[in-house]
Amino acid sequence: MIETLFPHGISHYLTGGLLIGLGVALLFIVTGRQGGASTFFSASWSWLIKTPFFQQPALLQSRNWRLVYAAGFVLGGLIYLGMGLPQEASAMPAWKLALGGVFIGYGARLGGGCTSGHGICGMASLNIGSISVVMTFMATGIATAWLFKSLGWGV
Amino acid sequence: MKNTLSFAATLVAGALFGFGLSWATMIRPEVVLSFLTFDDLGLLFVLGAATGLNLLVFQLLPRLRQRSLLGELFETRPFKADRRSLIGGALFGIGWGICGVCPGPALAGLGAGNTDLLIALAGIFVGALLHGVQEERRST
Numbered sequence: 001m002i003e004t005l006f007p008h009g010i011s012h013y014l015t016g017g018l019l020i021g022l023g024v025a026l027l028f029i030v031t032g033r034q035g036g037a038s039t040f041f042s043a044s045w046s047w048l049i050k051t052p053f054f055q056q057p058a059l060l061q062s063r064n065w066r067l068v069y070a071a072g073f074v075l076g077g078l079i080y081l082g083m084g085l086p087q088e089a090s091a092m093p094a095w096k097l098a099l100g101g102v103f104i105g106y107g108a109r110l111g112g113g114c115t116s117g118h119g120i121c122g123m124a125s126l127n128i129g130s131i132s133v134v135m136t137f138m139a140t141g142i143a144t145a146w147l148f149k150s151l152g153w154g155v
Numbered sequence: 156m157k158n159t160l161s162f163a164a165t166l167v168a169g170a171l172f173g174f175g176l177s178w179a180t181m182i183r184p185e186v187v188l189s190f191l192t193f194d195d196l197g198l199l200f201v202l203g204a205a206t207g208l209n210l211l212v213f214q215l216l217p218r219l220r221q222r223s224l225l226g227e228l229f230e231t232r233p234f235k236a237d238r239r240s241l242i243g244g245a246l247f248g249i250g251w252g253i254c255g256v257c258p259g260p261a262l263a264g265l266g267a268g269n270t271d272l273l274i275a276l277a278g279i280f281v282g283a284l285l286h287g288v289q290e291e292r293r294s295t
């Protein structure tokens, strides 16, 4: 049963999850901020686009730390690479990354967050709205992945 | 000094998050898709461990202290779901199910050397732009 549901074991999932959690906790403890990732993608447009939506205070006031936080994500991956830790190659077709990416960016911003903002911070805040959004994207994510798999477009 | 500490904490927090995503193999889209098709439910432990730890932090710390270490108020989450945000969540899930990427792992995976994720990141930026343009139209 365990091997069927977790063919790669669970220890690296737990350890990785705790490291992720430590990052979110550190940000909250030191700066009081809730560290969602997706607002970065709207806040960054505020440097280029001078329309009212992109110049709203919530984006202007947070764009600097969100950029640093996003750079931290890249740095974390770079450190993992630099330490020579095991990594399997990925071969996701470009059309899936492009199409999926647009849905992800648009949906996360319309939905007010993604797996980090609603998933980790929202659920840790016991926010009912965040939990509803998480349930929603889990459901459509599962449905879409199964649809693609049944069409022969899966991995 | 406070700005330097805030910068350092934010960078280290992001790096821990990105390193943890890499360690948990969540930066590999195929692994995320294998969760969504129930072939490997490991993502539940990643999300569970990260959320469980912060459930303690987010719930207990504001009861013990009024402000963060650098003297800021703790952010709360006034978010309320409505029809539009649920539609947003549903669309996010469709994208997630198409390519197995979310915003954080796209950034961390790029750092770990998967340059294909630049395509996903470009898509996410375009999606965020479309959302902003649409919000602009709604308000005029």
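Residue numbers (the working numbering), protein chains in the order written: chain A, 1 to 155; chain B, 156 to 295. Where is the CB? At the ideal position from N, CA and C, for every residue including glycine. If you're wondering where the values come from, they're calculated on a predicted model, not measured in any experiment.
Cβ closer than 8 Å: which chain B residues qualify as neighbours of Gln-61 of chain A? Taking the first sequence and counting its residues from 1, one reaches residue 61 of chain A at position 61. Per Cβ cutoff of 8 Å: no residues; Gln-61 of chain A is ~12 Å from chain B at best.
Roughly how many angstroms separate the alpha carbons of Phe-213 of chain B and Leu-81 of chain A, rounded to a whole number? Locating residue 213 of chain B in the second sequence gives position 58, where the first residue counts as 1. Locating residue 81 of chain A in the first sequence gives position 81, where the first residue counts as 1. Cα atoms of Phe-213 of chain B and Leu-81 of chain A: separation of roughly 31 Å, rounded to the nearest angstrom.
Rounded to the nearest angstrom, how far is the Cβ of Gly-32 of chain A from that of Leu-171 of chain B, given a contact under 8 Å? Along the first sequence, read from residue 1 onward, the residue named residue 32 of chain A stands at position 32. Along the second sequence, read from residue 1 onward, the residue named residue 171 of chain B stands at position 16. Incorrect: roughly 17 Å between the Cβ atoms, too far for contact.
In chain order, which continuous runs of the alpha helix (DSSP H) of length 4 or greater are located wholly inside the stretch 30-88 of chain A? The qualifying runs are 39-43, 57-82.
Answer with yes or no whether the minimum CB distance from Arg-218 of chain B to chain A is below 8 Å. Locating residue 218 of chain B in the second sequence gives position 63, where the first residue counts as 1. By this cut-off, Arg-218 of chain B is not an interface position.
Given that a residue counts as buried once 16 or more other Cβ atoms are within 10 Å of its Cβ, and exposed if not, what is Lys-96 of chain A? For the purposes of this step, residue 96 of chain A is taken as residue 96 along the first sequence, with counting starting at 1. So Lys-96 of chain A counts as buried.
What residues in the stretch 26-46 of chain A have a beta carbon less than 7 Å from any beta carbon of chain B? Within the stretch 26-46 of chain A, the qualifying residues are Leu-26, Leu-27, Phe-28, Ile-29, Val-30, Thr-31, Gly-32, Arg-33, Gln-34, Gly-35, Ala-37, Ser-38, Phe-41, Ser-42, Trp-45.
What is the residue span of the alpha helix (DSSP H) that Gly-282 of chain B lies within? On the second sequence, position 127 is the one that residue 282 of chain B refers to. Counting along the chain, the unbroken alpha helix (DSSP H) around Gly-282 of chain B starts and ends at 272-293.
Considering only DSSP beta bridges, list what Leu-228 of chain B is partnered with. The residue given as residue 228 of chain B occupies position 73 in the second sequence. Leu-228 of chain B pairs with B:Arg-222.
Could you pull the start and end residues of the alpha helix (DSSP H) that Lys-96 of chain A belongs to? Translated into positions along the first sequence, residue 96 of chain A becomes position 96. Run containing Lys-96 of chain A: 94-111, per the alpha helix (DSSP H) assignment.
Taking only beta carbons into account, state which residues of the stretch 59-89 of chain A come closer than 7 Å to chain B, listed in chain order. Taking 7 Å as the Cβ-Cβ cut-off against chain B, the residues of the stretch 59-89 of chain A that qualify are Trp-65, Val-68, Tyr-69, Ala-70, Ala-71, Gly-72, Phe-73, Val-74, Leu-75, Gly-76, Gly-77, Leu-78, Ile-79, Tyr-80, Leu-81, Gln-87, Glu-88.
With a cut-off of 8 Å, does the C-beta of Thr-180 of chain B fall near any C-beta of chain A? On the second sequence, residue 180 of chain B is found 25 positions in, with the first residue counted as 1. Answer yes: the Cβ-Cβ gap between Thr-180 of chain B and chain A drops below 8 Å somewhere.
Identify the contact partners of Leu-224 of chain B in chain A, using a Cβ-Cβ distance below 7 Å as the criterion. Locating residue 224 of chain B in the second sequence gives position 69, where the first residue counts as 1. Contacts between Leu-224 of chain B and chain A, judged by CB atoms closer than 7 Å, involve Ile-29, Val-30 in chain order.
Grouping DSSP H, G and I as helix and E and B as strand, with all else coil, what is Phe-137 of chain A? Reading the first sequence from its first residue, position 137 is the one you call residue 137 of chain A. Three-state result, Phe-137 of chain A: helix.
Is it the case that the Cβ atoms of Gly-35 of chain A and Phe-280 of chain B are separated by a distance below 8 Å? As a first step, residue 35 of chain A is located in the first sequence; it is residue number 35 there, counting from the start. As a first step, residue 280 of chain B is located in the second sequence; it is residue number 125 there, counting from the start. The answer is no: Cβ separation not under 8 Å.
Are there 16 or more other CB atoms within 10 angstroms of the CB of Asn-158 of chain B, so buried, or fewer, so exposed? If you number the second sequence from 1, residue 158 of chain B lands on position 3. Around the beta carbon of Asn-158 of chain B, fewer than 16 other beta carbons sit within 10 angstroms, so the residue counts as exposed.
Closer than 7 Å: is that where the CB of Pro-86 of chain A sits relative to any heavy atom of the ligand COA? The model on display carries no ligand, and the ligand COA is accordingly not part of it.
Note down, in chain order, every chain A residue with its Cβ under 8 Å from the Cβ of Leu-241 of chain B. Translated into the one-based positions of the second sequence, residue 241 of chain B becomes position 86. The answer, in chain order, is Gly-111, Ser-132, Val-133, Thr-136.
Contact criterion: CB-CB distance below 8 Å. Does Leu-166 of chain B meet it with respect to chain D? The structure shown contains no chain D; its protein chains are A and B.
Nearest-angstrom Cα distance between Val-134 of chain A and Gln-221 of chain B? Position 134 of the first sequence holds residue 134 of chain A. Position 66 of the second sequence holds residue 221 of chain B. Computed Cα separation, rounded: 29 Å.
Quick one: Cα of Ile-128 of chain A to Cα of Ala-98 of chain A, how far? In the first sequence, counting from the first residue as 1, residue 128 of chain A sits at position 128. In the first sequence, counting from the first residue as 1, residue 98 of chain A sits at position 98. So the two alpha carbons sit approximately 31 Å from each other.
Just to confirm my understanding: we take Ala-261 of chain B, look at its own chain, exclude 5 residues before and 5 after, and list those with CB closer than 7 Å. What are they? Within the second sequence, the letter at position 106 stands for residue 261 of chain B. Excluding sequence neighbours, Ala-261 of chain B sits near Leu-272, Ala-275, Leu-276, Ile-279.
Interface residues of the stretch 1-27 of chain A facing chain B [CB-CB below 7 Å]: Leu-5, Phe-6, Pro-7, His-8, Ile-10, His-12, Tyr-13, Leu-14, Thr-15, Gly-16, Gly-17, Leu-18, Leu-19, Ile-20, Gly-21, Leu-22, Gly-23, Val-24, Ala-25, Leu-26, Leu-27
Quick check on the DSSP output: what are the complete alpha helix (DSSP H) runs of length 4 or more inside the stretch 171-245 of chain B, in order along the chain? Runs of the alpha helix (DSSP H) spanning 4 or more residues and lying entirely within the stretch 171-245 of chain B occur at 184-191, 198-219, in chain order.
Is the Cβ-Cβ distance between Gly-141 of chain A and Ala-205 of chain B less than 8 Å? Here the question's residue 141 of chain A lines up with position 141 in the first sequence. Here the question's residue 205 of chain B lines up with position 50 in the second sequence. No, the Cβ-Cβ distance between Gly-141 of chain A and Ala-205 of chain B is not below 8 Å.
Over the uninterrupted alpha helix (DSSP H) stretch that includes Ala-263 of chain B, give me the two end residues. For this step, residue 263 of chain B is matched to residue 108 along the second sequence. First-last of the alpha helix (DSSP H) with Ala-263 of chain B: 258-266.
Let me check understanding here. Comparing Cα to Cα, which of B:Gly-250, B:Lys-235, B:Asp-194 lies closest to Gly-122 of chain A? Here residue 122 of chain A refers to the residue found at position 122 when the first sequence is read from its first residue. Nearest C-alpha to Gly-122 of chain A: B:Lys-235.
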